[in-house]
Amino acid sequence: MKESWSTKVREKTEKHPCYCDTAHKYVRMHIPVAPKCNIQCNYCNRKYDCLNESRPGVTSEILTPENALEKYKAVKAKLENLMVVGIAGPGDALANFPETQKSIELIKAIDPQVTFCLSTNGLMLSEYAEEIVKWGVSHLTVTINSIDPIIAAKIYSTVVYKNKIYTGEAAGTLLIEKQLTGLKLVTEMGIVCKVNIVMIKGINDHHIEAVVKKVKDLGAFMTNIMPLIPAAGSKFENLDLVSKVELNNLRKKCAIDLKQMYHCRQCRADAIGVLGEDISIDFRKNCCNASW
Ligand code: CLF
Ligand code: SF4
-11 MKESWSTKVR EKTEKHPCYC DTAHKYVRMH IPVAPKCNIQ CNYCNRKYDC LNESRPGVTS
49 EILTPENALE KYKAVKAKLE NLMVVGIAGP GDALANFPET QKSIELIKAI DPQVTFCLST
109 NGLMLSEYAE EIVKWGVSHL TVTINSIDPI IAAKIYSTVV YKNKIYTGEA AGTLLIEKQL
169 TGLKLVTEMG IVCKVNIVMI KGINDHHIEA VVKKVKDLGA FMTNIMPLIP AAGSKFENLD
229 LVSKVELNNL RKKCAIDLKQ MYHCRQCRAD AIGVLGEDIS IDFRKNCCNA SW
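Here the sequence shown is numbered in this note's numbering, starting from -11 and rising by one per residue.
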């Protein structure tokens, strides 16, 4: 890894509101250009809304890469602390490879300094690792909820890979293998990786410490253990919630092994602003408040 790249990435990390505890004043902007997904998590229900619902997978609109560029210009003109452009759904950034690539290219052409941040389930990560590095993506999140196929089979209904549908333990085995291989590859290439883990009571809560140890070995920079938000209409909609105390106790245990994130806001796929103060409604094209 070249020294100039690691210096640049360190500077970007210090101004990334999710990766750095003292970077609250910097703005991240999610561009919802990735509607499709290649797996089905049992807690996910992606829907399009115009409500003030805040959780991953929710967006009021899907943007084309060209729309995303226009929106980026509008946000940049208003928010001088805009530092990070993230692609976090509402599906998977890498299951929408052409749109993700095009969006990054267009924005990078007018602002080569902005930090690009991708969020993925990791199924296609090893396949696209070299491309991602070429685009100049410096930060990447992989959601890894289990490293045990038996547990994974309870979390994922299907995994679709190369036009074949996998279910049960076969789905879990494939997804875990792809996630771990991809994570190792991109960390070795110098991308700063966060691993998100959804804490699901009675399903994977007892297993999360093992996940954290494993991803640390593969080069993860930090983990972000998040409580399940049981989306209405999802298979897990009636599961028990994890309490704040249970969540933070587990994070503290895992902090012995790896840096933990304590300030995640489980953002929408179209969130804009500093963490915790989403002002995306001001920039929604299809809303009456739209200002661009
Ligand atoms: Fe977005 Fe995610 Fe990048 Fe941040 S969010 S793609 S790493 S720029 Fe941040 Fe939001 Fe938590 Fe994600 S607070 S849900 S961790
Ligand atoms: Fe939903 Fe993300 Fe899971 Fe895909 S990977 S099903 S978008 S939570």
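By construction, the Cβ of each residue, glycine as well, lies at the ideal position given by its N, Cα and C atoms.
Beta carbon of residue i: closer than 7 angstroms to some heavy atom of the ligand SF4?
{"i": "R253", "result": "no"}
{"i": "Q28", "result": "yes"}
{"i": "R239", "result": "no"}
{"i": "R(-2)", "result": "no"}
{"i": "D80", "result": "yes"}
{"i": "G77", "result": "yes"}
{"i": "R256", "result": "no"}
{"i": "C105", "result": "no"}
{"i": "R16", "result": "no"}
{"i": "C6", "result": "no"}
{"i": "C25", "result": "yes"}
{"i": "C32", "result": "yes"}
Kindly indicate which residue of the options has the alpha-carbon position closest to the one of residue i.
{"i": "K96", "options": "K202, V72, N30, Y250", "result": "V72"}
{"i": "C181", "options": "L216, L246, Y149", "result": "L246"}
{"i": "N26", "options": "A117, V262, L70, L162", "result": "L162"}
{"i": "E49", "options": "E265, V262, D258", "result": "D258"}
{"i": "L111", "options": "D99, L227, Y250, G79", "result": "G79"}
{"i": "V183", "options": "K202, M177, N33, A83", "result": "K202"}
{"i": "T100", "options": "E2, I132, V125", "result": "In the sequence as displayed, the identity of residue 100 is Pro instead of Thr. Measuring from the Cα of P100, the nearest candidate turns out to be V125."}
{"i": "N55", "options": "N237, A81, S91, T1", "result": "S91"}
{"i": "Y144", "options": "G156, N151, K150, K152", "result": "G156"}
{"i": "D228", "options": "I217, L238, K122, E115", "result": "I217"}
{"i": "T108", "options": "R253, V130, I260, K172", "result": "V130"}
{"i": "P53", "options": "I185, N30, I120, A81", "result": "A81"}
{"i": "L235", "options": "Y250, T175, N226, K223", "result": "Y250"}
{"i": "R253", "options": "N237, N226, I213, F224", "result": "I213"}
{"i": "H18", "options": "R34, K204, Y31, I75", "result": "I75"}
{"i": "I94", "options": "G261, A83, W123", "result": "First, the amino acid is wrong: residue 94 is Leu here, not Ile. Out of G261, A83, W123, W123 has the C-alpha closest to the C-alpha of L94."}
{"i": "Y116", "options": "G264, N33, G170", "result": "G170"}
{"i": "K200", "options": "L113, L238, V233", "result": "Note that residue 200 is Val in the sequence shown here, rather than Lys. Considering only alpha carbons, the answer is L238."}
Taking 7 angstroms as the cut-off, is the CB of residue i close to at least one heavy atom of the ligand CLF?
{"i": "G207", "result": "no"}
{"i": "N109", "result": "no"}
{"i": "T175", "result": "no"}
{"i": "G124", "result": "no"}
{"i": "G156", "result": "no"}
{"i": "G74", "result": "yes"}
{"i": "H127", "result": "yes"}
{"i": "L263", "result": "yes"}
{"i": "N236", "result": "no"}
{"i": "N84", "result": "no"}
Can you tell me where the alpha helix (DSSP H) holding residue i begins and where it ends?
{"i": "L235", "result": "232 to 242"}
{"i": "Y60", "result": "53 to 66"}
{"i": "Q254", "result": "That residue, Q254, is in no alpha helix (DSSP H); it is neither H nor E in DSSP."}
{"i": "L263", "result": "Unbroken run through L263: none, as it is neither H nor E."}
{"i": "Q28", "result": "Where Q28 is concerned, there is no enclosing alpha helix (DSSP H), although the beta strand (DSSP E) it sits in stretches over 27 to 29."}
{"i": "S114", "result": "113 to 123"}
{"i": "L94", "result": "85 to 98"}
What are the boundary residues of the beta strand (DSSP E) that includes residue i?
{"i": "I75", "result": "70 to 75"}
{"i": "N212", "result": "210 to 215"}
{"i": "K182", "result": "180 to 187"}
{"i": "F282", "result": "Residue coverage of the chain in this structure runs from -11 to 280, which leaves residue 282 outside it and unanswerable."}
{"i": "L229", "result": "First-last for L229: undefined, no H or E at that position."}
{"i": "Y14", "result": "No beta strand (DSSP E) holds Y14; DSSP gives it neither H nor E."}
{"i": "T169", "result": "It is not in any beta strand (DSSP E) - T169 instead sits in the alpha helix (DSSP H) that spans 156 to 176."}
For residue i, which residues from the same chain have a beta carbon less than 7 angstroms from its beta carbon, with the 5 sequence-adjacent residues on both sides left out?
{"i": "N69", "result": "K13, Y14, V15"}
{"i": "P20", "result": "T47, E49, I50, L51, G77, P78, A257, D258"}
Less than 6 angstroms between C-beta atoms, sequence neighbours within five positions excluded: which residues of the same chain meet that for residue i?
{"i": "V230", "result": "M187, K189, P215"}
{"i": "S279", "result": "The predicted position of S279 is uncertain, since its pLDDT is 38 and thus under 50; a value taken from the coordinates is nonetheless stated next. Cβ within range, chain order: D270."}
{"i": "I179", "result": "L128"}
So, at 8 angstroms on beta carbons, what are the nonlocal neighbours of residue i in its own chain, with the 5 sequence-adjacent residues on each side left out?
{"i": "K241", "result": "E197"}
{"i": "T103", "result": "K0, K3, H4, M71, V72, V73, S126, H127"}
{"i": "N226", "result": "P218"}
{"i": "T146", "result": "I27, Q28, I153, Y154, T155, A159"}
Using a beta-carbon distance below 8 angstroms, is residue i in contact with chain D?
{"i": "V21", "result": "Absence of chain D from the displayed structure is noted, only one protein chain being present."}
Should the stretch 5 to 16 be called in touch with the stretch 188 to 202, which here means at least 3 C-beta pairs below 8 angstroms?
no
Examine the Cβ distances between the stretch -8 to -1 and the stretch 55 to 68 and report whether three or more of them are shorter than 8 angstroms.
Touching, no, given that fewer than three Cβ pairs across the two stretches are closer than 8 angstroms.
Is it a yes or a no for the stretch 196 to 214 touching the stretch 227 to 247, going by three-plus beta-carbon pairs under 8 angstroms?
Output reads yes: the stretch 227 to 247 touches the stretch 196 to 214.
Hey, is the stretch 124 to 139 in contact with the stretch 160 to 180, meaning 3+ C-beta pairs nearer than 8 angstroms?
yes
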